[in-house]
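Just so it is clear: in the sequence shown, position 136 is 292 by our numbering, and no numbers are missing.
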Amino acid sequence: MTPLAPHPLAYLPSPTSAELKLGPFPIRFYALCIIAGIAVAVWLGERRWRARGGEPHVITDIAIWAVPFGLLGGRLYHVITDYELYFTAGKDWVRAFYIWDGGLGIWGAIALGALGAWIGARRRGVKLPPLADAIAPGIVLAQAIGRWGNWFNNELYGDPTTKPWGLTIHCMDDVSRQATPCSGIPGTSTVAGHFQPTFLYESVWCVLVALVVLWADRRFRMGHGRTFALYVLLYTIGRGWIEHLRSDYAHHILGMRLNDWTAIIVGFGALVYLIVSSRRRPGRETPAEMNWPRDGSPQVTAAVPDDAGDADAHPDEAESNAETPAREEQSPQAAAAEEITAAAPIGDNQPANP
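Structural data, given as structure tokens:
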């Protein structure tokens, strides 16, 4: 007996438009999700940085460098790994610059974003590991919010499914970003089918990762970049199985998608860093250790003897001490004559040499 498919109303809906028209200017919902995620990451990172004893506005200043670098890195990773979408016959290569249409690889965003953060951190005079620890939960929450941009674009879904949480996917026009008849015939259905909502799976996973990272950081007082490494490790674990569910085109190596291999390599590196760093530098940085010295070099305090500076503090005492050896060298006869002279002052009616 063939199982009955659930009623269409049981499926999760998807938007039929990926943009909002404000006169002649289209506002892409994907871009709004990215902006909202960045705002949350900066806000939470700033709060965590200050709670660790850091100066205010540091995260905001560094975000000016990290965000553009991260967007550029995310787009480069997507274009390089999916170059067929832009540089093959019949494709418009100019669309590689249309970041608002979707297509940001988190691996490239983190890699190049870290470079931008390093530049901003050096200019601001703070160290990168404690900075990364402060912003780690905010970054993964930004990913959770940004994934909803894929929902608006009707993209990055999984295999077909009849589950009640299956996601309704529309055929979207590449130019107008509106739902269009899948058959090309006006008046026909715009629904392409119902698929695994992998965007939702990843969004929920990212929220869980953020909660675990916040708990672990508070419970174990993690420092020296280990909070960030824990975020990377947990994210790659979830990304691995979610990536396996996706049905969009991807390069395969030894039977696995490219992003699966990337998750394995990056996750293993994060695990190694966690183990090595916890052994070499346990505990968390002090507020003073979060910043570089103003001149960029380690501050060295010279050891000062306990008796140094006594001559400057008590010059009379020092002079007296300096004269003491000379007095000790006097003969007993000279010392006695000096005492008699001091005891008998010279007067007008008294001879100088009695």
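A virtual CB, placed ideally from N, CA and C, is assigned to each residue, including glycine.
| said: Counting C-beta neighbours from all protein chains within 10 Å, is the total for residue 323 16 or more, i.e. buried, or is it exposed? | reply: To locate residue 323, count along the sequence shown from 1; it is residue 167. When all chains shown are included, residue 323 counts as buried.
| message | Less than 8 Å between the beta carbons of residue 269 and residue 226, yes or no? | response | Taking the sequence shown and counting its residues from 1, the one referred to as residue 269 is at position 113. Taking the sequence shown and counting its residues from 1, the one referred to as residue 226 is at position 70. The answer is yes: Cβ separation under 8 Å.
| query | What is the DSSP secondary structure of residue 176, counted as helix, strand or coil? | reply | By 1-based counting over the sequence shown, the position of residue 176 is 20. Here residue 176 sits in strand by DSSP.
| said: Here's the rule I'm using: 16 or more other beta-carbon atoms within 10 Å means buried, otherwise exposed. How should residue 332 be labelled? | reply: Looking up residue 332 in the sequence shown gives position 176. The residue is exposed, with fewer than 16 neighbouring Cβ atoms inside 10 Å.
| field | DSSP-derived helix/strand/coil call for residue 455 | value | Position 299 of the sequence shown, counting from 1, holds the residue named residue 455. Legend: pLDDT at residue 455 = 43, less than 50; position of this residue unreliable, value from coordinates given subsequently. DSSP places residue 455 in coil when its eight states are reduced to three.
| Given residue 393, which residues of its chain have a CB within under 7 Å of its CB, disregarding the five upstream and five downstream residues? | As a position in the sequence shown, residue 393 is number 237, starting the count at 1. Only 423 meet the Cβ criterion.
| task | Report buried or exposed for residue 263, applying the criterion of at least 16 other Cβ atoms within 10 angstroms of its Cβ. | result | Position 107 of the sequence shown, counted from the first residue, corresponds to residue 263. With 16 or more other CB atoms across the displayed protein chains lying within 10 angstroms of its CB, residue 263 is buried.
| query | Residues bridged to residue 527 by DSSP? | reply | Residue 527 is absent from the model: the chain starts at 157 and stops at 510.
| task | Please specify which runs of the alpha helix (DSSP H), each continuous and at least 4 residues long, are wholly inside the segment 179-238, giving them in chain order. | result | 185-207, 214-237
| residue 443 versus residue 371 - alpha carbon distance | On the sequence shown, position 287 is the one that residue 443 refers to. On the sequence shown, position 215 is the one that residue 371 refers to. So the alpha carbons of these two residues sit roughly 21 Å apart.
| request: Please check the pair residue 218 and residue 276, which I expect to be a contact at CB under 8 Å, by giving their CB distance rounded to whole angstroms. | output: Counting from one through the sequence shown, the residue named residue 218 turns up at place 62. Counting from one through the sequence shown, the residue named residue 276 turns up at place 120. Their Cβ separation, rounded to whole angstroms, is 4 Å, which keeps residue 218 and residue 276 in contact under 8 Å.
| What residues in its chain sit with their C-beta under 6 Å from that of residue 357, if we drop five residues either side in the sequence? | As a working mapping, residue 357 is identified with position 201 in the sequence shown. The residues are 398.
| Helix or strand or just coil, what does DSSP make of residue 171? | Counting from 1 along the sequence shown, the entry for residue 171 is found at position 15. Looking at residue 171 - three-state DSSP - the assignment turns out to be coil, as it is neither helix nor strand.
| Going by Cα to Cα distance, which pick from 316, 278, 196, 257 is closest to residue 296? | Along the sequence shown, read from residue 1 onward, the residue named residue 296 stands at position 140. Per the Cα distances, 196.
| Does the Cβ-Cβ distance between residue 378 and residue 174 come in under 8 Å? | The residue given as residue 378 occupies position 222 in the sequence shown. The residue given as residue 174 occupies position 18 in the sequence shown. No. Outside cutoff.
| Can you give the Cα-Cα distance for residue 381 and residue 408, rounded to whole angstroms? | Position 225 of the sequence shown, counted from the first residue, corresponds to residue 381. Position 252 of the sequence shown, counted from the first residue, corresponds to residue 408. The straight-line gap from Cα to Cα measures roughly 32 Å.
| query | So residue 350 is in the alpha helix (DSSP H); what residue range does that whole segment cover? | reply | Here the question's residue 350 lines up with position 194 in the sequence shown. Note, residue 350: premise wrong, no alpha helix (DSSP H); beta strand (DSSP E) at 347-351.
| Grouping DSSP H, G and I as helix and E and B as strand, with all else coil, what is residue 316? | Taking the sequence shown and counting its residues from 1, one reaches residue 316 at position 160. Here residue 316 sits in strand by DSSP.
| said: Beta-carbon within less than 6 Å of residue 182's beta-carbon, same chain only, minus the 5 sequence neighbours each way: which residues are those? | reply: Looking up residue 182 in the sequence shown gives position 26. Taken in chain order, the residues that qualify are 175.
| Looking at C-beta atoms only, is the number of pairs between the segment 282-300 and the segment 332-346 that lie closer than 8 Å three or more? | no
| message | Here's the rule: buried if 16 or more other CB atoms are within 10 angstroms of the residue's CB, otherwise exposed. What is residue 213? | response | Here residue 213 is taken as the residue at index 57 of the sequence shown, counted from 1. It is exposed - the Cβ of residue 213 has fewer than 16 other Cβ atoms within 10 Å.
| request: Note down, in chain order, each residue of its chain lying with its Cβ closer than 8 Å to the Cβ of residue 367, except the 5 sequence neighbours on either side. | output: The sequence position of residue 367 within the sequence shown is 211, counting from 1. Setting aside the 5 residues that flank it on each side, residue 367 has no residue in the same chain whose C-beta is closer than 8 Å to its C-beta.
| query | According to DSSP, what are the bridge partners of residue 378? | reply | Residue numbering aside, residue 378 sits at position 222 when the sequence shown is read from its first letter. Partner(s): none; residue 378 has no beta bridge.
| field | Top-ranked residue by Cα proximity to residue 365, from 353, 388, 335, 349 | value | Translated into positions along the sequence shown, residue 365 becomes position 209. Put simply, of 353, 388, 335, 349 the residue whose alpha carbon is nearest the alpha carbon of residue 365 is 388.
| said: Buried or exposed, going by whether 16 or more other CB atoms sit within 10 Å of the CB of residue 402? | reply: What you label residue 402 is simply residue 246 of the sequence shown in a count that begins at 1. Per the 10 Å Cβ criterion, buried.
| task | Identify the continuous alpha helix (DSSP H) that holds residue 429 and give its terminal residues. | result | As a working note, residue 429 is residue 273 in the sequence shown. Taken as a continuous stretch (DSSP letters only), the alpha helix (DSSP H) holding residue 429 covers 414-436.
| Closest residue to residue 298 among 239, 271, 273, 362 (Cα-Cα distance) | Position 142 of the sequence shown, counting from 1, holds the residue named residue 298. Nearest neighbour of residue 298 by Cα position, chosen from 239, 271, 273, 362, turns out to be 362.
| request: Identify the continuous alpha helix (DSSP H) that holds residue 282 and give its terminal residues. | output: As a first step, residue 282 must be located in the sequence shown, where it is residue number 126. Counting along the chain, residue 282 falls outside any alpha helix (DSSP H), and DSSP gives it neither H nor E.
| Within 8 Å, strictly: CB atoms of residue 261 and residue 237 | Within the sequence shown, the letter at position 105 stands for residue 261. Within the sequence shown, the letter at position 81 stands for residue 237. Yes, Cβ-Cβ distance for residue 261 and residue 237 is below 8 Å.
| message | Can you give me the C-alpha to C-alpha distance between residue 445 and residue 427, rounded to a whole angstrom? | response | Reading the sequence shown from its first residue, position 289 is the one you call residue 445. Reading the sequence shown from its first residue, position 271 is the one you call residue 427. The alpha-carbon atoms of residue 445 and residue 427 are separated by roughly 24 Å.
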